[in-house]
Structures are given as C-alpha cells and as structure tokens.
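Protein chains in written order, with our numbering: chain L, 0 to 394; chain U, 191 to 493; chain S, 15 to 497.
Report on the following structure.
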Amino acid sequence: MNAKASLGIDPEELASCVACGLCLPHCPTFRVTGEEWASPRGRISAMRQIQDQGAAIDQAFLSSMDSCVQCRGCEPACPSGVPFGSMMEATQAALARERRIDWRRWGFRVLGYRRLLNLLSRVLAVVQRLRLVPSKRLGLPKIPLRQDRLRASGDDVWLFTGCVMDAWQRSTHAAVKRVVESAGVGVALPGSGAACCGALSLHAGLEDHARALAARTMGALAGSAPILVDSSGCGAVLKEYGMLVGTAEAEEFSERVMDVHEWLATRLDMLPPAGEQDQEATVAVHDPCHLRHVQRAHQSVAEVLARYATAVALDDDGLCCGAGGAYAAMQPELAASIRERKLEAIGRSGADIVASANPGCTIHLANAGVTVLHPLEIVDEMLGEILDQAADDDR
Amino acid sequence: MIGGKTRAALESFAAEVGSDSPVAVVGGRTHWDLGGHCLEETRLVRAPAGIREFDPADMTIRVGAGTPVEELDAALAEAGQQANLPLVPGATVGGVLAVGRDDVHALGRGRLRDALLEAVYVADDGRLVKAGGPTVKNVSGFDLCRLLVGSLGTLGLVGEVILRTWPRPAAQLWMAGQCDPAELRRKLYWPSSILWDGQTSWVHLEGHESDIESEAEQARLLGCDSTDGPPPLPAYRVPATALESERFPGRYLVQVGTGVAYVSEHGPLPDPDPAVVALHQRLKWQFDPRGRLNPGRDPLAAI
Amino acid sequence: MKLLKASRRDSLLRDLRRVLPPDRVRVAPLERSIMGRDASIFEGGQAGPVCFPISTEEVQGCVDAARRHGRAVVPRGAGTGLAGGAVPLEEPVVVVTTKMNRLLSVDADQAVAWVQPGMINLDLSRALAPYGLHFAPDPSSQQVCSLGGNVGTNAGGPHCLALGVTSAHVLAVEVVLMSGEAVVLGDPDGCAPGLDLRGAYVGSEGMLGITTAIAVRLTPNPPAVQTLLLAFDSVDEAAQTVSAVIADGIVPAAIEMMDKNIIWAVENFVGAGFPLDAAAVVIVEVDGLPGGVAAEADRVAELALERGGRVRRAADDHERALIWKGRKSAFGAIAQIKPNYYLHDTVVPRTRLAEVMSRVYEIVEEHDLQVMNVFHAGDGNLHPLLLYDRREPGTLERVHAAGSAIIEASLAVGGVLSGEHGIGIEKRDFMPLMFSEADLDAQARLRRAFDPDEMANPGKVLPTGASCADVNTLGKIPEGVWG
Ligand SMILES: Cc1cc2nc3c(=O)[nH]c(=O)nc-3n(C[C@H](O)[C@H](O)[C@H](O)COP(=O)(O)OP(=O)(O)OC[C@H]3O[C@@H](n4cnc5c(N)ncnc54)[C@H](O)[C@@H]3O)c2cc1C
Ligand code: SF4
Ligand code: SF4
C-alpha cells in the first residue's frame, strides 16, 4: 500500500483536531473501554500516523477503525468542529479499496433489492420459527411471516420506506402513515426504486455502491413534495446526498428530506388534540445517533410525543446504544457493553416504554428485553384511543 | 518580590540558625511540648516578626513567622479582613502553622493547611528555601507548603509566610442547645462551626444578616438558642473516630465535620500504618539528615 | 543493542502479562504511539507497554514488573493534561487508570466519597446529585478529565475561586509507591497526627506514585445561584472590574474572563448569546444563601456599571448552563481559527491583572502572533492561548519566544509559573526563573523520600541538575518532542 496520503483524508480536516479530548466521553467505545485507540482522538491520531507519518496499516489500525460505531457522537461534542464522520468515511473507503474489508459487508448489496430482501427475510422468518438460527446472537428481530401492503393516500408528501425496515417492520410505516394522514395530508409511497438509502454501504466504505443506490432513490422520489423519513439512519444519509453525489439535483433532493418528527413538530396544531388520560403514559425517549448527532433534530421527537404522553429524556447526553447499522452484528461484544450503559440510563428514567426513531436501535434494544416502539407507533396508538373515545362519546 | 529589608531579616535569621548543632524555634510557647519535649542542649531562636507587605486589594498578606497571631488579626481587621488561623492568645503565626491545628471555624472557613500560600524557611544546611508562591493559586512544583503545616518545625524553620486572607463576615452568631449535631449539619447550609460535647451542640453562623436570621430560625427549631461563644477547647487533639474505639475518661468536644475531637485526658491511639511511619522517616532523613531541627519532636506523636 | 532492548522488552511483557490479561497490556506500535501525547503540544513521546489495570493489586503488579526490569512508570488518566505530565519519555511502562472508574462509596452525612482514580470528574458530581452534593473542583475539562489526573495536577476550575483547588477537597489518597507498597496518605474521616503527606502528594504529577483510590470531600449544592454576564468595551475595564470586585471584599463562586476572539469562536459553537461586539466579557457567579447572593450580585453589577460595563443576569438554569458551556468549550474551539495552540497558565496578583493583560497583548504583537484569552480572572490565573499552525515554518520559535516573555512579565509582578495545569515537561525548564537552586533541591528531596530511584514519571517538573542525585538518563527530553 502506498504510504503517503493513503487514506485520502482532506489534510485540513486531519490537521483540525487539537487533541483536547473533549469528545472522549461522548464516544461510546471510549466510554466502555477507557482506551485511547477506541476514542475519536485516538482514531484521528491513528489516521495521522498512517497518512502523515507513513506508518503501515496493521491489525491495530484496523481494529481501531472497525470498532468505531460511526455514531458521530464525537462531532457535536467537538468545539473545533472536527468532521470526524467524513474522515472515517474516507478511511473506510480507502480500506475497502484495499479489499481489507470484512466479507460480511458484501451482504449489504442485498439491501438494494427489495424483492430479494423480502424473500430472504421470509426464509429467515421460517427458519427462526424452526429455531434453526440463533436470532439473539445475531441480533436479529423476530421477522414477521406476512406483511400487509401499504397503499398511497395522496401526493402531498413522500414517505420513504427503505429496505430493512420495510421488510421487517412494515407495521411501523403503517402507523407513521396514519399519524401523518391525521394531520390532513395525503401520503405518496415510492416504488421499488427507492429500496435502500445506501447508509450501510457508505459506512462500510462502499461509496460507489452507495452512489448507485442514491441515483435510484432520487429517481423514485421525484417532484417537489417533502420527503418524510421515519428511520433516522436513512434520513441522515438522504440529507447528505448533496455531498455524496455532488450534483445540484442531489443538493435539491436533500433539501426536501425531513425526519417525519421534524415535519410534525412544526404542525402540532394540525394533529388531533390529546385525550385526558393520555399524559399518564411515561415514555423514555431514546435519541438515535443519526437523529441527534447528524441531523441534530432529536428534540422534535420529544415535542411530538409530549402532546400525547409524558416524554422523559435519558440522562446520558445521547450516548450511542451500540446498534450502529451493522455494528451490533460485527462487534457483538462492544455493542453489548455499550448497550449496557444505555439500559442503565433507561432504568434510571423509570419509564417502561422506550421510543426510538431508528429501526437499528429498536432491534438492538429489544434484543435486551426492552419494550421499544417507534415514537409514532405510540402516537398512533394514542390517536386510535382518542378516536375510539370520540366515537363512544358520539354514541 | 521580597524587599531588601525583609530579605535582610531573613538572612540574619538564617545565620542565627546556622548549619550545625541542634536548634529549635520558639513562638509563644503555647504548645511547647506538643509531639515531644525539646532536647536539653538545643539552641533556641526566634523567627522575624512584623507585617511585611499588605495590599488589602490583593487579599494576601506577607508576615514574619514570629508575628503574634493577635497582631496579624488586628492589622487585617482594619481592612475588614481576616486570616484563617486560630487566634490562640500569645501564639505566633509560625507557631500555629507548625502545630497545624485548625481554627474552630474550619468547617465553614476551611482548613488551616490551605491558608498558607508561600513560606520561606531555613533548611537544615542553613540555606533559605522558598516553598510555594505568593498568589492565591499555584501549582508550580511540589507542594512543600502543605508539608510544612503541622510539621512542628522538624523539616525547616519557617521565617516568613504569605497567607491568603478573607473578608470578615458582615454578621455572625453563636447558638447552642441540646440537639443532634448531625441534624444541625443536615439542616443548615453552611455553618462555620458545629461543636458537640456529647450533650450540647454549639453552632456558629456567619454571613449576610438576613441569611443568618433564616438559618438561626432553623437552628431554633432544633432547640438551639443564642449564646456568647463556644466553650473552651480541651487540651488534646485526637481523631474524632478515636472516641468510638478508645477510652477517653475526661471531657471531650467534637469539631463536627472536620474529623477532629479535643479531649481533656488522652488514652492510647491506634498505631499508624508502618508504611506511613517509614515515609515520615524518609522525609526527615531527606530534609534533616542530622536531626538538628527541633530535635525531640515527632509530628506523629502530636496529639 | 537494538536486539538486546527488544528481548528485554519481551521479558518485561511476559511479566506484565502474568499480572494483567493480554488484552490489557497493549504493545502494538500504533497503540503505543497514540499514547505518546496528551492535550499539550508535545508530540513524539514514546510509550513502552501500555497497561490498563482495574485494581490496586494489578497496579502493584505493574509497578513490580517495571521495577524488576529497571523501567520507569508513567501514570496516565484521561490524557487531557496541558503540560505534558502524562507524556511518556523513552518507553516507560504506561499505567492508564481509566478503567478504574467506579464510585466506591458515598457517606452523605460525613460528606465524603471514595472514588477510583479513573472516574471522570463530571460523572462524580452527577452521581452525587441525588444527595444534593457535588465535588467542587470543576476544570473546564471536567466532562472528560479523571479524578486521578485532577489529584495529579491539583486541578482548579472556575468554581475554585471561593472553595479552593483540588487539594482542599481531597481528604485521603491510596497510593501505590514505587516500592510496590500500597499506602493511604491522609485520613478520610479523622485527622490522624503526622505530616500532611496527602498535601505533599496532591499535585505531584505522577512523580511520587500511582493513585489507586481517592477520598474526596463533598460540597453541598448552594440553595441560590446568580450568574452575571458582564460585557466591556475594553479588556482593561474588564480587568479593572475584576480587581474591584475582589478589593470590595466579595468572594464570588467564580469570576471568568474571555476576550473578543474567543467570544467569537465559542459563540459559533454554542450560541450562548455572548455579545459579539464586546471586547471582553466577565462571567461572575455568586452562590450561597439567598440574602447574600442577592446583595453580592447587586454589588457586582454596580461595580461593573461604574466601569462602563453592560450587565446581563442569567434568567434561568438553562441560560446559566449555556453560559458555562460556552466558557468550558473555549480551548477546544480554537481550531476553528488555527489548528494548534500553546497555552500558558501563569498567575499574577489580582491587583496587577490589567497591567499584565496589556503586556500580554503587546508581547503577542511584538512576535506577530494571534492570542486568545480565556481565564480564571478572579484568581489572577491567566490562560493566554497563542495560536499557530505548526505546518507554517518558523512560527513555533516565535510562539516559544512569546511564551517566555509572558512568563517573565508575570513573574516580574510577583506571579507564579502555573496556576493549575502543572509544570510537566512544558514548563520544567522555566522552574529556575521562579525557584533558586536551594528551593528546587528541597523539592527534589521530597521526590526522593517517596521515590528514591526516581522511577515514577521521570523527566518532569524538576529541571535536571536540580537534585544532587545522579542525573537520570531518562531525565532528558528526546529530540523532536517539541512538536
Ligand atoms: C479543554 C481543556 C480544558 C482544561 N481546563 C482546565 C481547568 O479549568 N483547570 C485545570 O486545572 N486543568 C484544566 N485542563 C487540564 C487538565 O484537564 C487537567 O490537568 C486534568 O486534571 C488532567 O486530568 P487527566 O485525567 O486528563 O490526567 P492526565 O493528563 O492523564 O495526567 C495528568 C497528570 O496526572 C498524572 N496522573 C494521572 N492519573 C494518575 C494516577 N492515577 N496516579 C498518579 N498520577 C496520575 C499524570 O502522570 C500526569 O502527570 C484542561 C484541559 C483541557 C484539554
Ligand atoms: S463516530 Fe462514534 S464511535 Fe466513532 S469515534 Fe465518533 S463517537 Fe466514537
Ligand atoms: S476531535 Fe475535537 S473534541 Fe476531539 S480531541 Fe479533537 S479537537 Fe478535541
């Protein structure tokens, strides 16, 4: 491997870290290990060793990089605005080019083909029921055998349905759709072109594949209607298409993308009012990293939820739960110890339901026995009750 | 910077101490036998006395170690300030620092050991050594000042010090009553002193007038009333925890929250950890290998 | 020679791995080189094996192994030190205490807690919140620095003005000496007779032993707090106001000052609402019982107004938290302007603040540099941050020259070298400016009483030649350490 500039990180970005360490406690892997190589500052220092000092890429470097959840918790914590995410993506791309990447990651290519994914998922669902696959160990959710089809109700807004989530948690989309409709708008659904946002490929350093998926997705969500996203990992990437693809068209596309809570939070008065008894339900709000650290829109979840329930924030400064896309499957031990901290925070909150706006987190936390729902599933439930109540009152 | 006159006083103190033969420094002789008796043939010297430098706006003061604490207090009082030293009648500044006993208000005002910012002392070889620095905050090098407080002059003979000063409180009040001192501590935000003799609790409040009123109200609810001042302290200082495990037949007074108790008759104390004793010996060996400074005294025996 | 060194290291490694499991002794070149620096500007320190013990016994085991192999030992916490205290020189065994991060016990009645050294400062205060207590020293790095590191540097923080620095809040420490013995210095719940070994240990920058547990004194949360943000059109007016507050006999909980450049950088990150048109802001916090707080806050406001200041009072906890977040992110925000900074930490008498500040600006101008000032003004503790880009040839020399001039200017008015960051390697060679040979010799004696072989963190604090002992070969700063 060519020593100098081998990682292809922008030198200005690489030089921008002053090594103050203020990001360390916001890094989940540093929090659980206490070791510098598993911290943002250590990782940047390691990148510098390779790119500036010409050190060789070795196992120690790979484990430092691969142990990163890419949660980007270090970014908002950094007063100097060090763009860690982009440095890590460059590093992962360089490592992928050198074919130093884990074979399991090629599996992400499946995600772009919805029918294939659905088929594989159905097989997995059957296999799970026959107990042929240890789901717990792989961190997989129980996959539904049959799912009802979603139908469009108008063209005011798009609802982005994505890949894994559509295959495994279509009922969430249904709930989200109902809540959005209750604000009086019609929801359009993309065809199979918008099958995958490309997040997992991007984080694994497969940039070209991610770009190809982006092109397909943009094609499937044409027009000027806002694109609402109910999975914050997807939302974060869709919002970054401008940077990833680098065209004016992509830029415009990204402008249209909104997390569904972000969109709802500015239209609270259009939603049905809360019933009387509802505030009693206490929900702990888990902030998915890509909503909090990347989109920086996590407040909107609590704002929407607060209308229908008592939403409590966790007291861990939004530290990652360890799900991180495919991270939980690739680094099971670290992911589990990171989750342990999250579980403690959930315990301290006193709530028995957790709301998570990201399917990865939901699966990861649910595997530890926590009841996790999408925030809008909770709202949908409440709205259902309110409507039932109204119907009762009418009678 | 040290002015010429005070430097001269320090140098003549150093010359007097010299570089050989046993020597001890005398203050007010208020705790002369603490930690052992001064050996017979020891030469006695006195540290320079007098206020050297005091700009009230700096909230620090430089004084000769031989200055009586009452003189220091009077000078500070004129500027509405005080130092956190126990006002033992007749004692000198150097003396109370060497003895290391806290003022009775230590709970609220802080420990004596934190009052010392800089010290100039004569080392065993007769050289003048400066420890610490003149500012209220300083971490330049090892913290020798802390080591000097309570060292009974066994590591060096202190000639001059710089102390941190504090504003004198606007108002203050002593109260006493038959109540649980722990309860007082829980209920009051920042009492400057709580004393307890096994039956009666004394509490000292200081600060802004209206705050003292509201705190006094709390203390009254617990059964306290205004009083003239604290009771006299019994002679010996022991760790408060020792009261639980050892037999102390006489009167005692616990200085709540500082871990200190004063007793009128003392019994045996638990033996210190041998590793701690060894460190004491190594420090003495490093600072005074010939054992000429305040011979006969042992800080470990100072109760 | 090289070969010999390698095999020696291997047997050291074998011995260390008898004490710790293999994944807690790290030796890969990358893992060691990452440990080569802390938050100071030194790069190029070289670590030997990096150990992550989780108990006092394991720390003792590491020290024993190092001793048998004649290796120095460098304790390290979170590595946020700003003086290079935790930078390893010549491949010592590095003992990192971050994994020893538990709160061992809390006695709320006695206001004492025992903690392990790797516990993060802010985590302790958060854990104490249910008791209505906190740990008073709050370095701006408190969200990350470890309590072991705080003890190591005798750390200060904005709220140490009234309450004193770390030393005043540490009752006892459990220390592993370089003999391998573990000993408790000080007395957590009593006042055992003897020398204040605890006091001598706090601030010793890892050169007397390795801290394995700390008994900290806890402070009750104040019932009332007021935070004032004072804005001035000149640094001089700001500094005059600080001196006036102190001279007035008020001891606020904190008085912090920030100048224009840093206000801009911080505002960009936090959006705390700092006035961008001000030449300097002063944050004053008063706390305690409501009567005193109200009276002091009013008096501070009056003093500021008299000196041309504008006064804003934080309306609620949220606004107060934002102001502090702005203050505490200041150092980190520097890279928005330049990728490197060199920071001094002198303290001057508070009556001389305005004078020294204007001298600092002059010095920086003379050396054609940029400076930002954000500091503990109430203590007179300056933090001029000299900004530079080390990739620009020749700047580092100018930075060093300006740094020396600032130190000289501070000492000339009766100041000291360091208020809270410590001496480490960074200011080691400035020590003779403040201390005579006899003074330094006395400090070396303290060192030798604890560590006769100078095995703990050699090469720091005391300039070589300060002691009469054989000059330790480890005491040299290797070439290239000055990044
Ligand atoms: C952004 C920023 C702001 C800062 N603000 C402040 C401030 O306001 N006030 C302040 O005082 N400091 C401040 N600092 C400096 C630094 O945070 C403190 O010095 C802190 O105490 C260091 O803690 P650490 O855990 O990072 O220790 P390290 O940097 O790892 O070590 C510091 C020293 O302590 C020793 N040490 C560490 N652990 C142990 C142990 N277990 N046993 C023995 N020795 C040990 C090391 O050998 C070293 O000499 C700041 C730093 C940064 C980057
Ligand atoms: S992205 Fe997350 S895991 Fe990776 S370095 Fe940053 S905070 Fe740590
Ligand atoms: S990434 Fe930012 S916060 Fe982290 S060490 Fe570097 S400059 Fe500091």
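Built from N, CA and C at the ideal position, the CB exists for glycine as well.
Bear in mind that the values here come from a model prediction, so they are computed numbers and not experimental data.
Taking a contact to require three or more Cβ pairs closer than 8 Å, the region 387-402 of chain U and the region 362-379 of chain U qualify as touching.
In this structure, the alpha-carbon of residue 373 of chain L lies about 54 Å from that of residue 397 of chain U.
Within the chosen limit of 6 Å, ligand 1 does not reach the beta carbon of residue 251 of chain L with any heavy atom. The residue among S:103, S:137, S:158 with its C-alpha nearest the C-alpha of residue 91 of chain S is S:158. Around the CB of residue 327 of chain U, 16 or more other CB atoms lie within 10 Å, so the residue is classed as buried. Our two residues, residue 259 of chain L and residue 153 of chain L, have alpha carbons roughly 17 Å apart in a direct line. Contact annotation: in the region 334-356 of chain S, residues whose CB is within less than 8 Å of a CB in chain L are 343, 344, 345, 346, 347, 348, 349, 350, 353, 354, 355.
Below the 9 Å Cβ cutoff, chain U contributes no neighbours of residue 74 of chain S, its closest Cβ being approximately 12 Å away. Contact check for residue 400 of chain S against residue 416 of chain S passes: the beta carbons are separated by less than 7 Å.
The Cβ of residue 331 of chain L sits no closer than 7 Å to any Cβ of chain S. Within the same chain, and ignoring the five residues on either side of residue 321 of chain L in sequence, the residues whose Cβ sits closer than 8 Å to its Cβ are 27, 68, 327, 333, 334, 335, 336, 337, 338, 341, 363. Not a single CB atom of chain L sits nearer than 7 Å to the CB of residue 156 of chain S. Contacts with chain L (Cβ-Cβ distance below 9 Å) from the region 117-150 of chain S involve 132, 134, 136, 137, 140, listed in chain order. Relative to residue 225 of chain S, the option among S:268, S:30, S:194, S:307 whose CA is nearest is S:194. DSSP, read as helix, strand or coil, puts residue 81 of chain L in coil. Secondary structure note for residue 48 of chain S: its alpha helix (DSSP H) is the uninterrupted segment 43-48. Proximity of chain S to residue 388 of chain U at the Cβ level (cut-off 9 Å) is not reached, the minimal Cβ distance being about 17 Å. According to the DSSP assignment, residue 341 of chain L belongs to the alpha helix (DSSP H) that extends over 331-348. Residues of chain S with a Cβ closer than 7 Å to the Cβ of residue 470 of chain U are, in chain order, 208, 209. Around the beta-carbon of residue 130 of chain S, 16 or more other beta-carbon atoms lie within 10 Å, marking it buried.
The continuous stretches of beta strand (DSSP E) do not include residue 60 of chain L, which lies in the alpha helix (DSSP H) extending over residues 58-65. Within the region 362-392 of chain S, contact with chain U at the beta-carbon level (separation under 8 Å) is assigned to 362, 363, 364, 365, 390. Taking a Cβ-Cβ cut-off of 7 Å, the neighbours of residue 493 of chain U in chain S comprise 207, given in sequence order.
For a cut-off of 8 Å, the C-beta gap from residue 227 of chain U to residue 481 of chain U is around 15 Å, too long to register as a contact. Neighbours of residue 80 of chain L in chain S, taken as residues whose beta carbon is under 9 Å from its own, are 282, 283, 347, 349, 350 in chain order.
For residue 38 of chain S, the shortest separation between its Cβ and any heavy atom of ligand 1 does not lie below 6 Å. Nearest to residue 240 of chain S by alpha-carbon distance, out of S:384, S:258, S:267, S:229, is S:267. Three or more Cβ pairs closer than 8 Å define a contact, and the region 91-101 of chain S meets that threshold against the region 434-451 of chain S.
Taking 7 Å as the CB threshold, residue 225 of chain S stays off the interface with chain L. With a threshold of 7 Å between beta carbons, residue 309 of chain S makes contact with chain U. Between residue 256 of chain S and residue 272 of chain S, the gap from beta carbon to beta carbon reaches 7 Å or more.
Between the region 74-94 of chain L and the region 5-24 of chain L there are three or more inter-stretch CB-CB distances shorter than 8 Å, so the stretches are counted as touching. Under the criterion of beta carbons closer than 8 Å, residue 377 of chain S and residue 36 of chain L do not qualify as touching, at roughly 39 Å. Here the alpha carbons of residue 469 of chain U and residue 463 of chain U stand approximately 10 Å from one another. In the three-state reduction of the DSSP assignment, residue 328 of chain U falls in the coil class. Relative to ligand 2, residue 69 of chain L has its C-beta within less than 6 Å of a heavy atom.
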